Amino acid sequence: MNYDVRLRLDYVYDAPVAGGRHLVRVTPANLPGRQRVVATTLTFLPVPAERVSGKDFFGNSVDTVAYRETHDRFEVLMTARVSVDRGQGVVDVSPGLPELWREIAGIRTLDPHSPHHFLGASTRVTLDPAITAFAREAAGADASVFGHVAALCNAIHDEFAYDAAATEVDTAPADAFRLRRGVCQDFAHVMIAGLRGLGIPAGYVSGYLRTLPPPGQARLEGADAMHAWVSAYCGGGLGWVEFDPTNRIMAGADHITVGYGRDYADVAPIVGVLRAAGGHQATQAVDVVALEQA
Amino acid sequence: MNENASRAPTAALPKPDLIGSYRPIPGIPDEMVDGAGRVRPGWQQLVSALESLGSGELEQRFERADQYLRDAGVFYRMYDGAQTREREWPLAHVPLLLEEAEWDVLAAGIAQRAEILEKVVADIYGDNTLVAEGLLPPELVAGNPEYLRPVAGMKPAGGHFLHFCAFELGRGPDGRWWVLGDRTQAPSGAGFALENRVATTRALPDVGALLNVKRLAGFFRDFRDALQSLAAERGGSVAILTPGPHNETYFEHAYIARYLGFLLLEGEDLTVSNGEVMVRTVSGLAPVSVLWRRMDAAFMDPLEFRHDSQIGTPGLAEAVRSGTLAVVNAIGSGIVESRALPAFLNGLSRHLTGEDLQLPSVATWWCGQPRELEHVAANLGTMIVGPAFSTRVPFEDRTDTVHGAALDAAGRAALADRLRAEGASLVAQEAVSLSTAPVYEDGRLVPRPVSLRVFAARTAQGWTVMPGGQARIGETLDPSAIAMQRGGQAADVWVLGSRPVDAVSLLPGDDRAVKRNRSGSLPSRAAENLLWLGRYAERCEATVRILRAYHARLADATQPGQALLTETAEYLESLDVDARRPVPAGLVAAIEGAVASAGRIRDRFSPDGWLALTDLLKTARMFEQRVQAGDDASRAMTVLLRKLGGFSGLVNENMYRFVGWRFLEVGRRLERGIQIARAATWMTRPGAAFGSSDLLLEVGDSVMTHRRRYNVNAGPLSVIDLLVLDALNPRSVHFQLAELFSQAIMLPGGEEDGQLSGVAREALRLRTSLAIAEPGELTGERLWSLVVDLGALADRIAERYFA
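Listed in order, the protein sequences are those of chains F and S. Numbering-wise, the first sequence is residues 1158 to 1451 according to our numbering. Numbering-wise, the second sequence is residues 635 to 1437 according to our numbering.
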């Protein structure tokens, strides 16, 4: 499936700010065999004094911009044409938990895809006994790893309410869990905490969702802003699989990936220090248009 | 009988018996007394020397050391719950002695260990061969909060990760020294060790020489030279990066910066421009190429590490990756501090160098391995169990660390269950006892547990170890009482040489030509604090003068000037000063403002000046409690005025006329001009109460001059002439503007090629307008516009030099 993706981030400052530096992760990734970026543009307003592009530890594209002049507005505009093909559905060939652990214990690497990065506490996800218990209950004790992942995805969707007013960008997973409410970021964090609690490596995926569903299908939740879902390691055979707990599905042809990390902090769309004394108004607009009917 | 006999009673005064009742604890080594109960030779000399002083003299000498520390402003920040406060530096006056032969073995072990840690860090952030070959569990890297992924793969500028490390040592029951903890993140204590040395030497100058105590200055000189040559390769300056005055060891940061002649910077002083780290100075941006950081790496760049850091510099990680900045120690180095690492360190040492560690770590088991876990579970009675990634020494860590010995059977069973459930996040260490060392208490020496912090620095010749360090001595026999937060004390460490030692100082010797250090550029934040220090000090003085005049009149019952009192109180209120209180909160706040500004530039400020300021604050707070309105308050204000005068005198007579002093002076002149113009506006207005002009003269400290210069009673015109227009009166607004102009042209860019800066031009314009004015022209409106114009000038200075 081919898409045109547009993102506009707009920050209007209450008082002019003197300079600033921002780190941006919004451009879709090239993922051989799954996702291809045909063309992409990234524009900043005002025009930054410095601009550097690079890759972070996990291989995500990062753009850094710096301003030295006073300005009262900051705008990021990203457009991309992306082709997504995740292939056919998966067959569960994943082992049980003890076998997964034995396998991981033999993995002696710290390359970016090593499951070791995704097992313990990370910046925004601490292990929480209540979430671990919830994850354990979601599937039977003798479920396969894939079974655990799928069951937790479904359980979160079924028991949590999508509520943009309930949480903030820095809400801890334990709080979202207690509320049983939140947005894609909260659902992903809770699911990551639960999987890690079970000993299943789990990471955070940031990206976009198709805005308008194919004819006859329901519109997916979270399509009007950047989206987040979960990647879980199901053993060497199946590898990493991606689940979207906000929509109770596996990530499919409607999911366009920007980046991978341990949690939101690793792939936040924008990180910036606003040295302004006052606040700012932020708006985010996302438009993902399918180029063919399907 | 000869004459001497008559003096016998003095000579026969009983000497104190310091060690008669000293009893080491059975089974635990003592630093002073050996296993056979004999006092070791060096200690014997020390004890005799102390005893021969007599108890009175001894305590006086100890007091001399404490006085030195107080005067130097050495303190330690204590955290009690949410509050923090400064505590006097707890010096244990008796040093810890170590013989040179034992020290050399220790120092060789430290140097070896530092180099192995360097290789381990380099591998973790490099090729990860140690993980690939199974020598280091990947979990201990990937799960470690100090594994900073944004710098993975980085090659540190200068080629090394570690430059300055500290090690916490304890002597075990077998008499050997063990490493209890490795400090590679941002080790503190070296400056305190130096201050302990200075203070102890004040108390016992003769004894140190007698024992051939090795000097510390050479160590600091070598490290300073190493950092300077690291910087010279890249062309920028060396700076110390501090989290700021609220950090518990800020004093040390300022002290070392002053001692070594490095800039002391906070994160906001720095900015990154095209991959280079620059310091904002009053002369513009200046490159920094070596940062000796005293903050945890995760706080250094809010863009790439902790997004919530308020003390970092955005873009710093990028500068580090681009190789333009050397950080000491490199960002990410904290990873080898973790408590679980020593479990693998000897294996790593053998793998990396083919040798065992010369200095063993305390026995450590990481519970992420099945066999080790079972060993720990079976021996919980001798184990201390805590978080694998903790960077604290077990005896300092009460919250997360469990002593197996302190648990009952049920508690141990629960701990064993926890080990099996979350073993990978836990580490166990053998519970070790520490040796004891003597501490002076109530006229005698008593044994207390001691640990030793030693320091290693990288130089061109490799690692060098400070011949000394900091001993930490417990308040009770419980080893956890060593932590200074819980009443522990610090002692100097003397390494006893076999030969007399040469003097080393950081001052160049006679054989080197005297070369001035480049004064360097003044960081904008320091300049701003100096300016505000000047303003606050002047604001205090103005307020105190008005309050004194007010209370003197209040005291004098024959004065029929009720209207004047009411109006003065109104005026004070406009300054946020409540005249109903004898020592108003607004006054104390101004003094606190001065102290806070000075506190942020301790590295540029003389200890005497600091002492004068804190004394002023202490006095004001004391007066706040007990001074009564009227005569009592008026006298109290005179005391404060005198102390303020003392501070001003120190600043004016002793401060070097570098650009920093100019900002302080600018602050004073601005504020004095504003205060006088304000007071004149109010007190010379039509309809002002009878006596206002006299009061204004008093506030302007110009009563005598007025009497001499004008043969009339004080009236608005003569007072305005003297306090606003008179170019020779150091209290007049005109005088302040003249001073401001002459400072403004000396500031960076003040006058270039005959062209004045905007600041200088504005100062000159204001000055000229007063130079040609007649007293009669100075209406209330015109006076008030002086206040406004001076405020605008202050804004202009801030925009030009502090932005």
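The beta carbon of each residue, even a glycine, is placed where N, CA and C say it ideally should be. Predicted model, so just to flag it, every value in this text is computed and none were measured.
Classification of residue i by the beta-carbon crowding that lies within 10 angstroms, buried from 16 upward
i: N1448(S); result: In the structure as shown, chain S begins at 635 and stops at 1437. Residue 1448(S) is therefore absent and cannot be evaluated.
i: T763(S); result: exposed
i: L731(S); result: buried
i: L880(S); result: In the sequence on display, residue 880(S) carries His and not Leu. Under this definition H880(S) is an exposed residue.
i: E1386(S); result: exposed
i: P807(S); result: exposed
i: Q1342(F); result: buried
i: Q1095(S); result: exposed
i: N1286(S); result: exposed
i: N1151(S); result: Unreliable positioning characterises N1151(S) in this predicted model, as indicated by a pLDDT of 49, which lies under 50. The coordinate reading is nonetheless provided below. That one is exposed.
i: A1385(F); result: buried
i: I1018(S); result: buried
i: Y1160(F); result: buried
Neighbour list for residue i in chain F, Cβ cutoff strictly below 7 Å
i: A786(S); result: F1214
i: R783(S); result: F1214
i: N908(S); result: E1207
Chain B contact for residue i (CB, 8 Å cutoff)
i: H1437(F); result: Structure shown: chain B not included; protein chains present are F and S.
Same chain only: Cβ atoms within 7 Å of residue i, ignoring 5 sequence neighbours per side
i: A1183(S); result: L1329, E1332, V1333
i: S967(S); result: V755, F795, L796, T818, Q819
i: R1046(S); result: L1014, G1038
i: Q1496(S); result: Within the shown structure, residues of chain S are numbered from 635 to 1437, placing residue 1496(S) beyond reach of any answer.
i: R1146(S); result: Per-residue confidence for R1146(S) stands at a pLDDT of 46, beneath the threshold of 50, marking its modelled position as unreliable; no derived number is given.
i: D1144(S); result: Unreliable placement is indicated for D1144(S), whose pLDDT of 47 sits below 50; no coordinate value is reported for it.
i: D930(S); result: Q819, A820, G968
Under 7 Å by beta carbon: chain S residues contacting residue i
i: V1428(F); result: L937, H941
i: A1350(F); result: Within 7 Å Cβ-Cβ: nothing; A1350(F) doesn't reach chain S, min ~14 Å.
i: A1422(F); result: H941
Closer than 8 Å at the beta carbon, the chain F residues around residue i
i: A766(S); result: R1265, T1266
i: V775(S); result: L1267, H1273
i: P772(S); result: I1264, R1265, T1266, L1267, S1271, H1273
i: E952(S); result: V1209, T1221
i: N762(S); result: T1266, L1267
Residues that residue i bridges to, as DSSP identifies them
i: F1089(S); result: A800(S)
i: R1052(S); result: Bridge partners of R1052(S): none, in fact.
i: E1386(S); result: Q1389(S)
i: I1427(F); result: V1181(F)
i: H1384(F); result: G1364(F)
i: F1158(F); result: Looking at the sequence provided, one finds Met at residue 1158(F) rather than Phe. Answer is none; M1158(F) lacks a bridge partner.
i: Y1168(F); result: F1231(F), A1439(F)
Neighbour list for residue i in chain S, Cβ cutoff strictly below 8 Å
i: A1175(F); result: A1437
i: R1178(F); result: V906, L937, P948, G949
Own chain, CB closer than 6 Å to residue i, minus 5 neighbours either side, in chain order
i: Y1168(F); result: F1231, H1437, A1439
i: S1391(S); result: G1383, G1384
i: G878(S); result: E900
i: F1215(F); result: P1269, Y1417, G1418
i: V1445(F); result: Y1160, V1162, Y1365, R1367, T1368
i: S1210(F); result: D1220
i: R583(S); result: Outside the displayed range of chain S (635 to 1437) lies residue 583(S), so it cannot be described from this structure.
Per-residue contacts from residue i into chain S (C-beta, under 9 Å)
i: L1276(F); result: E773, A776, G777, A1058
Close beta carbons around residue i, own chain, < 8 Å, minus the five adjacent residues each side
i: P1134(S); result: A843, N846
Problem - the stretch 989-996 of chain S in contact with the stretch 954-968 of chain S per 3-pair CB rule at 8 Å - result: no
Handout entry: Touching by the beta-carbon criterion (3+ pairs, under 8 Å), the stretch 836-848 of chain S and the stretch 681-693 of chain S
Key = yes
Exercise for the section: Decide if the stretch 1229-1243 of chain S is in contact with the stretch 1164-1171 of chain S; the criterion is three or more beta carbon pairs, one per stretch, under 8 Å apart. Expected result: yes
Handout entry: Touch test, the stretch 1349-1367 of chain S against the stretch 1265-1278 of chain S, Cβ-Cβ under 8 Å, three pairs minimum
Key = no
Problem - Touch test, the stretch 1415-1426 of chain S against the stretch 1298-1315 of chain S, Cβ-Cβ under 8 Å, three pairs minimum - result: yes
Problem - Contact between the stretch 1389-1398 of chain F and the stretch 1246-1259 of chain F (3+ Cβ pairs under 8 Å) - result: yes
Problem - Cβ contact check for the stretch 1368-1383 of chain S and the stretch 912-926 of chain S: 3 or more pairs under 8 Å - result: yes
Practice task
Please confirm if the stretch 1060-1072 of chain S is in contact with the stretch 665-675 of chain S, defined as three or more CB-CB distances below 8 Å between the two stretches.
Solution key: yes
Exercise for the section: Could you say if the stretch 1311-1323 of chain F and the stretch 1232-1242 of chain F meet the contact criterion of at least three C-beta pairs nearer than 8 Å? Expected result: no
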